[in-house]
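Engineer: Protein sequences appear in the order of chains L and R. One point on numbering: in full-length UniProt numbering, the residue at position 17 of the first sequence is 17, and numbering is uninterrupted. One point on numbering: in full-length UniProt numbering, the residue at position 140 of the second sequence is 140, and numbering is uninterrupted. Glycine is no exception: its CB is placed at the ideal position from the N, C-alpha and C atoms. Here it is, the structure, as structure tokens.
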Amino acid sequence: MTIEDIQNEIIDEFSMFDDWEERYQYMIDLGKDLPLIDDQYKTDSNIIKGCQSKVWVHAEMKDNKIAFTADSDAIITKGIIAILIRTFSDQHPKDIIDADTDFIDKIGLKEHLSPTRANGLVSMVKQLKMYAIAYQTQLN
Amino acid sequence: MFNVQDIRKDFPILSRKVNGKPLVYFDNAATSQTPQQVIDAIVDYYSNYNANIHRGVHTLSQEATDLYEQARHKIQAHFNAKFSHEIILTSGTTHSINLVANGFSALLKKGDEIIVSALEHHSNIVPWQMLCERTGGVLKVIPMNDHGELVMSDFDNLLSENTKLVFVNHISNALGTINPIEYIIEKAHQVGAAVLIDGAQSCPHIKPDVQALDVDFYVASAHKMCGPTGVGMLYGKESWLNKLPPYQGGGEMIAEVTFEKTTYADLPHKFEAGTPNIAGGIVFGAAIDYMNSIGFDAIAAYENDLLNYATEKLLEIDGLKIYGTSKNKTSVISFNLENIHPYDVGTILDKLGIAVRTGHHCAQPIMDFYCIPGTVRASFSFYNTKEEIDALVEGVKKAKMMLL
């Protein structure tokens, strides 16, 4: 599936919910279901700066696609990173670099896009794209 | 008579909605809300008196100067300073602290010691670390116990003839502990050290008497006492303020300037370089008037009632732990739910219209002491109600249900 397909799928899932509570509950559940990151990657150098909670991200290249794994000590943050990883994992670096993240707004989580927001969604997207740029450079 | 419903009518913001719910504002330790009387004072200044002060011969400038100096007198009276020139108007507590820290860099020599407490806000640690780096001074820390209280026997042991300055907050922003500053001041004076007290968190709740305390420096911010942001004050004993060199150079702070030599203005202007926050200073006075019209005894009694009520109700929630359990504390509750990150709790509460603070509250050493990433902090003011505390308690229960 392309990044856009996945994003549309996520928008569809979130459109089933009537209020913030259901949306947040779903996001919390996504966080709980996020596959565990290998403990060896939960290092200080893998922490994304700019988040009130801790977020670790690890990236690996397999068959010219990037596989992301992540974790957070806060469950809502973990839900957000789970959504981002589902969108960006197993994709080509160039597609990740080019992808927009408007879908976050469409699933009713716009408030997390504000740069003042302590959860650092913006920082997370930036970090995932930085990995993509780094791997793209290797491919070139 | 103290009537919270009448008081709430003074605060327009308290009737707004957040995320479709009535705002419950429990982030008072970060900044207080602003009553209409204070908002009116801002409008009145810009509508009728706006002019630069201390220099103009024209009437408007004279009137603005009078209002600004009247505000200084109000602040003097409020803190019971001996002279109005012992009140320096600054941009806030952080500015005031830096002013004193900078002044002490001229007075300290290698090996001199500064004592701070383990309960300090970052802005109370960093200026002294910088000062010690510049002067070769040594920073010592009064430790805290599990209740979030400073250990006075350790403080006694830290004091020596090398101690030049002791710096402690009157009330901890992260935990709400009221520190025994009377004891600290007395003991520090016995070894000849000066004492600077950070009143940022105390001034919204109590009315300090700087002469009775015999404190050397006391600092506060207007925005935590129903006033505007960007203005605060430094009280310093006249003798100390005369000893400290000026902080910043510029207009207002000079007596005479030639290219060979500049002589500095007298107090307080020596420390007030450039055009000050004129509106802010005047409105700071209006905020003090407002708080005194409510009365600090009534405020303290009511807030203590809120604190006890909230403590009791929150502790009924299984797995909730309160950090900062001193008997001597103000209306701040720092807490966590077991196995739940404070950030998550704060996010759910925000969706319910409840404003709390989450994180380390700029006091990382305290969080390290308890081995936690941060806390949820609810801080109550005299315009809050028990019904709002009930909403908080229900919100925390809901957060727990959703997050666990």
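Taking DSSP's pairing of strands, which residues face R/D27 in a bridge?
Structural biologist: For this step, residue 27 of chain R is matched to residue 27 along the second sequence. Answer is R/S379, bridged to R/D27.
Engineer: Just tell me which of R/H54, R/I75, R/A77, R/V356 has its CA closest to the CA of R/D66.
Structural biologist: Walking along the second sequence from the start, residue 66 of chain R turns up at place 66. It is R/H54.
Engineer: Quick check for students: name the residue ranges of the beta strand (DSSP E) that lie wholly in the stretch 280-331 of chain R, counting only runs of 3 or more.
Structural biologist: Within the stretch 280-331 of chain R, the complete beta strand (DSSP E) runs of at least 3 residues are 320-323.
Engineer: Pull up the CB-CB distance for R/Y45 and R/I366, whole angstroms please, since I reckon it's below 8 Å.
Structural biologist: Walking along the second sequence from the start, residue 45 of chain R turns up at place 45. Walking along the second sequence from the start, residue 366 of chain R turns up at place 366. Actually they are not in contact, since the Cβ atoms of R/Y45 and R/I366 sit about 39 Å apart, beyond 8 Å.
Engineer: Suppose the cutoff is 8 Å on Cβ atoms and the five residues either side in sequence are ignored; what does the same chain contact list for R/A118 look like?
Structural biologist: Reading the second sequence from its first residue, position 118 is the one you call residue 118 of chain R. Same-chain partners within the cutoff: V141, I142, P143, M144, L150, P365, I366, F369.
Engineer: By Cβ distance below 8 Å, which residues in the same chain neighbour R/Q211 in space, the five residues on each side in sequence not counted?
Structural biologist: Mapped onto the second sequence, residue 211 of chain R falls at position 211. Cβ neighbours of R/Q211 beyond the five flanking positions: N80, A81, K82.
Engineer: Give, in chain order, every unbroken run of the alpha helix (DSSP H) that is at least 4 residues long and sits entirely within the UniProt domain "Fe-S metabolism associated" (12-130) of chain L.
Structural biologist: List check, alpha helix (DSSP H) in window: 20-33, 75-88, 93-98, 103-106.
Engineer: When the Cα of R/I39 is compared with those of R/P22, R/N28, R/I13, R/P342, which residue comes out closest?
Structural biologist: Residue mapping note: residue 39 of chain R aligns to position 39 of the second sequence, counting from 1. Nearest C-alpha to R/I39: R/I13.
Engineer: Could you tell me whether the stretch 328-338 of chain R touches the stretch 372-380 of chain R, using the rule of 3 or more Cβ pairs below 8 Å?
Structural biologist: Verdict: yes, contact present.
Engineer: Could you spell out the range, first to last residue, of the alpha helix (DSSP H) harbouring R/F104?
Structural biologist: Along the second sequence, read from residue 1 onward, the residue named residue 104 of chain R stands at position 104. Taken as a continuous stretch (DSSP letters only), the alpha helix (DSSP H) holding R/F104 covers 93-104.
Engineer: Report yes or no: is there a C-beta of chain L within less than 8 Å of the C-beta of R/H341?
Structural biologist: To locate residue 341 of chain R, count along the second sequence from 1; it is residue 341. Closer than 8 Å: yes.
Engineer: In the DSSP assignment, find the beta strand (DSSP E) that holds R/D146 and state where it starts and stops.
Structural biologist: Here residue 146 of chain R refers to the residue found at position 146 of the second sequence. Neither: R/D146 is in no beta strand (DSSP E) and is coded neither H nor E.
Engineer: Please list, in chain order, the chain R residues whose beta carbon lies closer than 8 Å to that of L/Q52.
Structural biologist: Translated into positions along the first sequence, residue 52 of chain L becomes position 52. Within chain R, the residues near L/Q52 are Y343, T358, G359, G374.
Engineer: Within 10 angstroms of its Cβ, does L/T43 collect 16 or more other Cβ (buried), or is it exposed?
Structural biologist: Position 43 of the first sequence, counting from 1, holds the residue named residue 43 of chain L. When all chains shown are included, L/T43 counts as exposed.
Engineer: Closer than 6 Å by C-beta to R/E63: which residues in its own chain qualify, once you throw out the five before and the five after it? Chain order, please.
Structural biologist: Counted from its first residue, the second sequence places residue 63 of chain R at position 63. So the list reads Y49, once near-sequence residues are dropped.
Engineer: Please confirm if R/K351 has its CB atom under 8 Å from at least one CB of chain L.
Structural biologist: Here residue 351 of chain R corresponds to residue number 351 of the second sequence, with the count starting at 1. True, the Cβ-Cβ gap to chain L drops below 8 Å.
Engineer: Does any residue of chain L have a CB that is nearer than 8 Å to the CB of R/T34?
Structural biologist: Your numbering for residue 34 of chain R matches position 34 in the second sequence. Closer than 8 Å: no.
Engineer: Using DSSP's beta-bridge definition, name the partner residues of R/F271.
Structural biologist: Position 271 of the second sequence, counting from 1, holds the residue named residue 271 of chain R. According to DSSP, R/F271 bridges with nothing at all.
Engineer: Write down the C-beta distance between R/N384 and R/F11 rounded to the nearest angstrom, noting that I regard them as a contact closer than 8 Å.
Structural biologist: Position 384 of the second sequence, counted from the start, is the residue given in the question as residue 384 of chain R. Position 11 of the second sequence, counted from the start, is the residue given in the question as residue 11 of chain R. Their Cβ separation, rounded to whole angstroms, is 10 Å, which puts R/N384 and R/F11 out of contact at 8 Å.
Engineer: Look up R/N3 in the DSSP assignment and say whether it is helix, strand or coil.
Structural biologist: Locating residue 3 of chain R in the second sequence gives position 3, counting from the first residue. Coil, per DSSP.
Engineer: Quick one: residues in its chain with C-beta nearer than 6 Å to the C-beta of R/G230, no 5 flanking neighbours on either side, listed in chain order?
Structural biologist: As a working note, residue 230 of chain R is residue 230 in the second sequence. Only S91, N277, G280 meet the Cβ criterion.
Engineer: With DSSP run on the structure shown, which of helix, strand or coil describes R/A200?
Structural biologist: The residue labelled residue 200 of chain R in the question sits at position 200 within the second sequence. Coil at R/A200, not helix or strand.
Engineer: Label R/Q36 either buried or exposed according to how many other C-beta atoms from any shown protein chain fall within 10 Å of its C-beta, with 16 as the threshold for buried.
Structural biologist: Here residue 36 of chain R is taken as the residue at index 36 of the second sequence, counted from 1. Counting Cβ neighbours within 10 Å, R/Q36 comes out exposed, since fewer than 16 surround it.
Engineer: Skipping 5 residues on each side, what residues in its chain have a beta carbon closer than 6 Å to that of R/L23?
Structural biologist: Residue mapping note: residue 23 of chain R aligns to position 23 of the second sequence, counting from 1. Result list for R/L23: R16, G353, in chain order.
Engineer: At least one CB of chain L closer than 8 Å to the CB of R/T31: is that the case?
Structural biologist: In the second sequence, counting from the first residue as 1, residue 31 of chain R sits at position 31. Not an interface residue.
Engineer: Counting only beta-carbon atoms, is L/T77 nearer than 8 Å to chain R?
Structural biologist: Looking up residue 77 of chain L in the first sequence gives position 77. So, interface residue.
Engineer: Just to confirm, is the Cβ distance from R/G232 to R/K74 under 8 Å?
Structural biologist: Taking the second sequence and counting its residues from 1, one reaches residue 232 of chain R at position 232. Taking the second sequence and counting its residues from 1, one reaches residue 74 of chain R at position 74. In this structure, R/K74 does not lie closer than 8 Å to R/G232 by Cβ.
Engineer: Let me know if R/N28 comes out buried or exposed under the rule of 16 or more other beta-carbons within 10 Å of its beta-carbon.
Structural biologist: Residue mapping note: residue 28 of chain R aligns to position 28 of the second sequence, counting from 1. Under this definition R/N28 is a buried residue.
Engineer: For R/Q33, which of R/T325, R/H360, R/Y290 has the nearest alpha-carbon?
Structural biologist: Position 33 of the second sequence, counted from the first residue, corresponds to residue 33 of chain R. Considering only alpha carbons, the answer is R/Y290.
Engineer: When the Cα atoms are used, what is the spatial distance from R/N179 to R/A355?
Structural biologist: Reading the second sequence from its first residue, position 179 is the one you call residue 179 of chain R. Reading the second sequence from its first residue, position 355 is the one you call residue 355 of chain R. Roughly 26 Å separates the two Cα atoms.
Engineer: Should R/G249 be labelled buried (16 or more other beta-carbon atoms within 10 Å of its own) or exposed?
Structural biologist: Locating residue 249 of chain R in the second sequence gives position 249, counting from the first residue. It counts as exposed.
Engineer: Leaving out the 5 sequence neighbours to the left and right, which residues in its chain are closer than 6 Å to R/V215 when beta-carbon positions are compared?
Structural biologist: Taking the second sequence and counting its residues from 1, the one referred to as residue 215 of chain R is at position 215. Cβ within range, chain order: I185, V195, I197.
Engineer: Which residue comes first and which comes last in the beta strand (DSSP E) that contains R/I114?
Structural biologist: Taking the second sequence and counting its residues from 1, the one referred to as residue 114 of chain R is at position 114. R/I114 -> beta strand (DSSP E) spans 113-117.
Engineer: Any beta carbon from chain L within less than 8 Å of R/L107's own beta carbon?
Structural biologist: Start at 1 with the first residue of the second sequence, and residue 107 of chain R comes out as number 107. False, the Cβ-Cβ gap to chain L never drops below 8 Å.
Engineer: Apart from the five residues on each side of it in sequence, which residues of its chain come closer than 7 Å, Cβ to Cβ, to R/A51?
Structural biologist: The residue given as residue 51 of chain R occupies position 51 in the second sequence. Excluding residues within five positions, the ones whose Cβ falls inside 7 Å are L60, S61, A64.
Engineer: Taking the alpha carbon of R/E238 as the reference point, which residue from R/A310, R/Q76, R/K21, R/V43 has its own alpha carbon closest?
Structural biologist: As a working mapping, residue 238 of chain R is identified with position 238 in the second sequence. Nearest option by C-alpha distance: R/Q76.
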